[in-house]
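Protein sequence lines, in the order shown, are assigned to chains A and B. This note's numbering puts the first residue of the first sequence at 56, with every later residue one more than the last. This note's numbering puts the first residue of the second sequence at -19, with every later residue one more than the last. Glycine residues also receive a C-beta, built at the ideal position from the N, C-alpha and C atoms. Reading through the structure tokens given below for one structure.
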Amino acid sequence: MKAAALVEVRNLRKHYPVRGGVFGRQRDTVRAVEDVSFLLHAGETLGLVGESGCGKSTLGRTMMRLEEPTSGDVLFEGRNLASASAAELFTLRRDVQMIFQDPYSSLNPRITIGEAVREPLDIHRLGSAADRRARVDELFEAVGLSPTVQERYPHEFSGGQRQRVGIARGLALRPRVIVADEPVSALDVSVQGQVLNLLVQLQRDLGLTYLFISHDLSVVEYLSDRVAVMYLGRIVEIGKRTSIFAAPAHPYTRALLESVPIADPRKRRDRVPLQGETPSAVHPPSGCAFHPRCPLAVAVCRGEVPALESVRTDGDDGHLTACHRHDEI
Amino acid sequence: MALLEVEDLCTVFHTEDGVVHAVDGVSFQVEAGKILGIVGESGCGKSVTAMSVMRLIPDPPGRIESGRVLWKGRDLLAVDADEMPQIRGREIAMIFQDPMTSLNPVFTIGKQLGEVLDRRFDLRGAAADERMVEVLGHVGIADAEQRLSQYPHELSGGMKQRIMIAMALMCRPDLLIADEPTTALDVTVQAQILHLMKQLQQEFGTAIVLITHDMGVVAETCDDVVVMYAGKVVESCGVFELFVAPRHPYTRGLLDSILRPGRSKATPVPTIEGVVPSLLQPPAGCRFADRCARAVAQCHQDEPLLATVSDKHLVACHLPLEVPPS
Ligand SMILES: Nc1ncnc2c1ncn2[C@@H]1O[C@H](COP(=O)(O)OP(=O)(O)O)[C@@H](O)[C@H]1O
Ligand SMILES: [Mg+2]
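In structure tokens, the structure reads:
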């Protein structure tokens, strides 16, 4: 990799105990995030895509230390979020912020949206009262809301406007990295476009780095510079957006791309969809977790977990996939 | 004659804030054996339209004010309320985004399917079991015996939706109304369910009303399409015509805002500026006028009526878009 990474995630794991039985003993383990490593470069958008339950939100939350990692490192300019003390974490949070899917539940219904945006400034005691007021005005303008609506409450706004408030709040501390978890998934298409345009413009103006989590492949293709595909807790493919979408190397990525309906009736395909559903992360299949659904699976796929390897044998363009058979397809 | 003909349907809700004109003069037709898509953004009245056709609007607060729902020539809004359960079960079936709307969490799948067979077909015992296995086979469930002994919470979302479709089909309805049946599902499972619905249409000739907000789902699945905006139909035509030669500016805007393959953040997404008007006091004239780049004075004053612009293509617009040169 040429450019130095702003964030480096190394062998991150998050396992949850599953309790059961009369004494509430630990019965099993959900391996929500299993040995995930990747780099996030300054100024880029890395899209993290996968179906529900594949671990993408847990990965985001664990990176942010909203969940305690089971093991692994999350390095931000050499400082480790995964092992930081409470005080160190407090400082690190100024640089790394999160935006959530549901502006309805992430905003407190009893505080005005102006207070919601000011809150991080209060918590971090940044500037005088006048400075904070000026900063809140500035943030409202940056996300396309009139500063005059600050006294209103979240319920008075539409989903798209509430997401703008969520973004303003996320930007309050001038973070350099934003982890955005499905920020446009609850929005209708016409509003979704407005919020996507805003995210792109803010990235350009403020030099932000995004980890953009979504189940929606079209949105990920639009916004990302690079894309990582997750299946059952692991990254199965990662690379430049253009090479992932033009030449997906993992059979799961291909199936995922083929499943997306094409909004053009002239391009109707009579395809047989990928069979089965994602298995449980409590008892993931042996070897490659995708093997029970994979049309190309052979013995080795059942026996060994495939490692992420370069797809291209000539020069390294950073396109990696975890498939025993990627050479053959 | 069309299988289902909805004419000038108006449904309102009486709320604390006033009367919500949720569905305001909606008309469309469903041809036998065809899949009709109803598409539009959330709140435009798709679900209320479907629930009105089924006479499932809770009254109060809701009320079907006027209109006709001609089912094989009979007006369902005029039939005796006692007769509706018969029609709903046997002739028209409905499935929802959340299968738990129709599944009972405390009974096994087998018990619930068995009860439908018992009640409606007088089928019990071995004959009922046989029929259940057959129907589950139709919706792609091979391990039927195991599934029949399970409770809804033991099944994935996709599996529950298959069971719902199986239950809806047991009575061999002529029409299946599916309200966002794949919206809560993963994209690979959505592809399976849409594939299944098309198979059922082809094998049994079941007509389907597929309600969705996803233009991709419409393009891949439907024969005909109705586009709704703020409680009204703004355009209706065949699916090819809709995507190739839309005539309503709102339809055009929806199509333009789709993130198509190959698009990147280098160019902004075209959006429809502004917001949907309130259904409490809908504006005079065209409801889309405030957001429409083509709007002229007339659009803000006179309501455009749904009118034929070409064969089987209806548009409610004073200044419909030109047909693009082919
Ligand atoms: N029970 C109800 N009480 C009051 N308003 C309702 C009720 N059900 C639906 N509505 C209103 O009717 C309109 C149409 O809703 P709906 O048919 O659910 O839209 P869609 O299915 O297209 O998303 C919305 O404005 C909605 O708020
Ligand atoms: Mg609905």
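{"Item": "For M56/A, the three-state DSSP class (helix, strand or coil)", "Value": "In this prediction, M56/A scores a pLDDT of 43, lower than 50, which makes its location untrustworthy; the coordinate-derived value is nonetheless stated afterwards. It is coil, neither helix nor strand."}
{"Item": "Per-residue contacts from L16/B into chain A (C-beta, under 7 Å)", "Value": "Those do not exist, as L16/B stays about 14 Å from chain A at its closest Cβ, beyond 7 Å."}
{"Item": "Residue range of the alpha helix (DSSP H) that includes Q172/B", "Value": "167 to 184"}
{"Item": "Neighbourhood of M56/A by C-beta, 8 Å cutoff - its chain only, sequence neighbours within 5 removed", "Value": "Unreliable placement is indicated for M56/A, whose pLDDT of 43 sits below 50; the coordinate value is still reported in the next sentence. For M56/A, where only same-chain residues beyond five positions count, the Cβ hits under 8 Å are L94, H96, G373."}
{"Item": "Check: K26/B C-beta below 6 Å from any heavy atom of ligand 2", "Value": "yes"}
{"Item": "The region 225 to 258 of chain A: positions lying closer than 7 Å to chain B by Cβ", "Value": "D243, V244, S245, G248, Q249, L251, N252, V255"}
{"Item": "C-beta neighbour in chain B for R286/A, strict 7 Å", "Value": "Reading the sequence as shown, one finds Tyr at residue 286/A and not Arg. Closer than 7 Å: no."}
{"Item": "CB contact below 7 Å: R28/A versus chain B", "Value": "Nothing about residue 28/A can be reported from this structure: the residues present for chain A run from 56 to 384 only."}
{"Item": "N252/A, DSSP secondary structure in three states", "Value": "helix"}
{"Item": "Cβ neighbours of V73/A in the same chain (closer than 8 Å, five flanking residues each side left out)", "Value": "Q81, R82, D83, T84, V85, V337"}
{"Item": "Option nearest D280/A by Cα separation, candidates H70/A, E143/A, T264/A", "Value": "T264/A"}
{"Item": "Alpha-carbon spacing of D157/A relative to A235/A, whole angstroms", "Value": "11 Å"}
{"Item": "P38/B versus G117/B: straight-line alpha-carbon distance, rounded", "Value": "35 Å"}
{"Item": "Nearest residue (CA-CA) to G216/A, options C24/B, V255/B, L294/B", "Value": "Position check: residue 216/A holds Gln in this sequence, whereas Gly was assumed. It is V255/B whose Cα lies nearest to the Cα of Q216/A."}
{"Item": "Host alpha helix (DSSP H) of T201/B (start-end)", "Value": "195 to 201"}
{"Item": "Cβ-heavy atom distance, V(-14)/B to ligand 1, below 6 Å", "Value": "no"}
{"Item": "Short CB-CB distance (under 7 Å) between L101/A and chain B", "Value": "no"}
{"Item": "Proximal residues, the region 158 to 172 of chain B versus chain A, C-beta separation under 8 Å", "Value": "D166, V167, T168, V169, Q170, A171, Q172"}
{"Item": "Ligand 3 heavy atom lying under 6 Å from the CB of P257/B", "Value": "With respect to ligand 3, the structure offers nothing, as its ligand set consists of ligand 1 and ligand 2."}
{"Item": "C-beta contact flag for G94/B and G211/B at 7 Å", "Value": "no"}
{"Item": "Interface partners of R243/B on chain A, CB under 9 Å", "Value": "S273, E276, Y277"}
{"Item": "Proximity test, Cβ basis, 7 Å: D319/A and chain B", "Value": "yes"}
{"Item": "Selection from G182/A, H70/A, V366/A that minimises the alpha carbon distance to C109/A", "Value": "H70/A"}
{"Item": "Proximity test, Cβ basis, 7 Å: S136/B and chain A", "Value": "yes"}
{"Item": "Any non-hydrogen atom of ligand 1 within 6 Å of G133/A CB", "Value": "no"}
{"Item": "Cβ contact (3+ pairs, closer than 8 Å) linking the region 201 to 220 of chain A and the region 215 to 224 of chain B", "Value": "no"}
{"Item": "Assigned exposure category for K140/B - 16 Cβ within 10 Å defines buried", "Value": "buried"}
{"Item": "Given R259/A as reference, the closest of L278/A, L242/A, D243/A once Cα atoms are compared", "Value": "L278/A"}
{"Item": "Which listed residue (V167/B, S216/B, A187/B, A164/B) has its alpha carbon closest to that of A148/B", "Value": "A187/B"}
{"Item": "Opening and closing residue of the alpha helix (DSSP H) in which C22/A lies", "Value": "Since the first residue of chain A shown is 56 and the last is 384, residue 22/A is not available in this structure."}
{"Item": "C-beta contact flag for S245/A and T163/B at 7 Å", "Value": "no"}
{"Item": "beta-carbon T(-5)/B near ligand 1 non-hydrogen atom, thresh 6 Å", "Value": "yes"}
{"Item": "Below-7 Å beta-carbon distance, T251/B vs any chain A residue", "Value": "yes"}
{"Item": "Ligand 1 heavy atom lying under 6 Å from the CB of A210/B", "Value": "no"}
{"Item": "Buried/exposed call for S314/A, threshold 16 Cβ in 10 Å", "Value": "buried"}
{"Item": "Listed by chain order, chain B residues near L329/A by CB distance under 8 Å", "Value": "T168, A171, Q172"}
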